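A quick write-up on the structure given underneath.
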Amino acid sequence: MTEARRVVIIEDDRDLRESIIRFLSVAGVEAEGVGSVLEFYETVVTRNFDVAVVDINLPDQSGFTLADYLRRNTDLGIIIITARDGLEDRVRGYGAGADLYLVKPVNMPELAAAIINLTRRRRERSAPVAPPAAQWTLEGTSWTLVSPLGVRVPLSGQERTLITCLVEAHGESVTRTDLCTALGYDAADAESRALDSLVQRLRRKIESSTGRPAPLESGYRRGYGFSGLLHMT
């Protein structure tokens, strides 16, 4: 389900403000209106918005000043709406940080489209980026696991077999039954404690040697997986 787009309309003309709110509601945008900069500051204490639509001629402070404050202190999209259509005013508006400068009478579909676009861009910028998986190396000739920082961890034959099975699964979990079979344990006993003991010993060895978490994932009844990137030589 798409998260609602939220916009605050800072416009002292009540009729225009309510008209904008009604249109945006039909367009799928949650809008709230205030008539002054003071009301805006009181509102943002308890509300979160994606975009601010700012009139220039407000009763208590210039919309240019508010736009400049918003650009310096928030990541809100900023749209100026005003009857002032001179080039100097437009330049001043963009200089204050406006993403868009619209002259009244405002084209409502254009305003709605701009709000939707700014909301999407804002959320894309703020979306968390997953860090790249750490690169490990398995040296086949020396039976050694090398950490991303170059720390070498010698492996026993069983440990090497375990890691090889996990890596060959290409990010998928390997079932306990398959691992037990590859390691020579009783394949009929998918709950083999020997497998768990091997994994626990290997984890402790990796963590004590490298000082970082071992890249071994486990899940109830679903087996084990390798959580990092691994290069085999």
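Numbering follows my numbering, with no gaps: position 139 of the sequence shown is 133. Just so it is clear, CB atoms sit at the ideal spot from N, CA and C, and this is done for glycine as well. Quantities reported herein were computed from a predicted structural model and do not represent experimental measurements.
_If you reduce the DSSP assignment to three classes, tell me which class Arg3 lands in._
Locating residue 3 in the sequence shown gives position 9, counting from the first residue. Strictly speaking, residue 3 in this sequence is Ile, with Arg absent from that position. Three-state result, Ile3: strand.
*asked:* Can you look up Val271 in the DSSP assignment and give me helix, strand or coil?
replied: No answer is possible for residue 271: it lies beyond the span of the chain, which begins at -5 and ends at 227.
*Quick one: Cα of Ser203 to Cα of Leu224, how far?*
On the sequence shown, residue 203 is found 209 positions in, with the first residue counted as 1. On the sequence shown, residue 224 is found 230 positions in, with the first residue counted as 1. Approximately 18 Å, taken between the alpha carbons.
*Report the option in Ile50, Val31, Val45 and Cys159 whose CA atom is closest to the CA atom of Arg78.*
Residue numbering aside, residue 78 sits at position 84 when the sequence shown is read from its first letter. Checked all of Ile50, Val31, Val45 and Cys159; the closest Cα to Arg78 is Ile50.
*Among Ile72, Ile4 and Arg197, which has the Cα closest to the Cα of Pro53?*
Position 59 of the sequence shown holds residue 53. Nearest option by C-alpha distance: Ile4.
*According to the Cβ coordinates, are Asp62 and Gly91 closer than 7 Å?*
In the sequence shown, counting from the first residue as 1, residue 62 sits at position 68. In the sequence shown, counting from the first residue as 1, residue 91 sits at position 97. Result yes, Cβ atoms of Asp62 and Gly91 sit closer than 7 Å.
*Are the beta-carbon atoms of Trp137 and Leu149 separated by less than 7 Å?*
The sequence position of residue 137 within the sequence shown is 143, counting from 1. The sequence position of residue 149 within the sequence shown is 155, counting from 1. The answer is yes: Cβ separation under 7 Å.
*For Pro209, count neighbouring C-beta atoms within 10 Å of its own C-beta (all shown protein chains included) and say buried if the count is 16 or more, exposed if not.*
Within the sequence shown, numbered from 1, the residue matching residue 209 stands at position 215. Classification of Pro209: buried, given that the 10 Å Cβ count is 16 or more.
*Proximal residues to Leu64 (C-beta, below 7 Å), its chain only, five neighbours per side dropped*: As a working mapping, residue 64 is identified with position 70 in the sequence shown. Ala46, Leu70, Ile72 and Gly91.
*Any idea if Glu166 is buried or exposed, counting beta-carbon neighbours within 10 angstroms, 16 or more meaning buried?*
For the purposes of this step, residue 166 is taken as residue 172 along the sequence shown, with counting starting at 1. By the 10 Å Cβ count, Glu166 comes out exposed.
_Checking the sheet assignment: what are the DSSP bridge partners for Asp223?_
Position 229 of the sequence shown holds residue 223. The sequence given here has Leu at residue 223, not Asp. Answer is Gln129, bridged to Leu223.
*So the alpha helix (DSSP H) Glu12 belongs to, where does it begin and stop?*
Stepping through the sequence shown from its first residue, residue 12 is reached at position 18. Where Glu12 is concerned, the enclosing alpha helix (DSSP H) stretches over Arg8 to Val20.
*Over the uninterrupted alpha helix (DSSP H) stretch that includes Thr155, give me the two end residues.*
In the sequence shown, the residue the question calls residue 155 occupies position 161. Per DSSP, Thr155 belongs to the alpha helix (DSSP H) from Gly151 to Val161.
*As assigned by DSSP and simplified to three states, the class of Pro99*: Locating residue 99 in the sequence shown gives position 105, where the first residue counts as 1. Correct three-state label for Pro99: coil.
*Work out the CA separation of Asp172 and His164 for me, nearest whole Å.*
The sequence position of residue 164 within the sequence shown is 170, counting from 1. The sequence position of residue 172 within the sequence shown is 178, counting from 1. So the two alpha carbons sit approximately 15 Å from each other.
*Name the two residues that bound the continuous alpha helix (DSSP H) containing Leu139.*
Position 145 of the sequence shown holds residue 139. From DSSP, Leu139 is part of no alpha helix (DSSP H) but of the beta strand (DSSP E) over Thr138 to Val140.
_Coarse secondary structure for Thr175, derived from DSSP in three states_ = The sequence position of residue 175 within the sequence shown is 181, counting from 1. If DSSP states are grouped into helix, strand and coil, Thr175 belongs with the helices.
*What does a CB cutoff of less than 6 Å around Val31 pick up in its chain, not counting 5 residues either side in sequence?*
Sequence index remark: in the sequence shown, residue 31 carries index 37 (1-based). So the qualifying residues of the chain are Leu52, Asp54, Gln55 and Leu60.
*Of the residues Arg198, Thr68 and Met226, which one's Cα is nearest the Cα of Arg119?*
One-based indexing of the sequence shown puts residue 119 at position 125. For Arg119, the nearest C-alpha among the options comes from Thr68.
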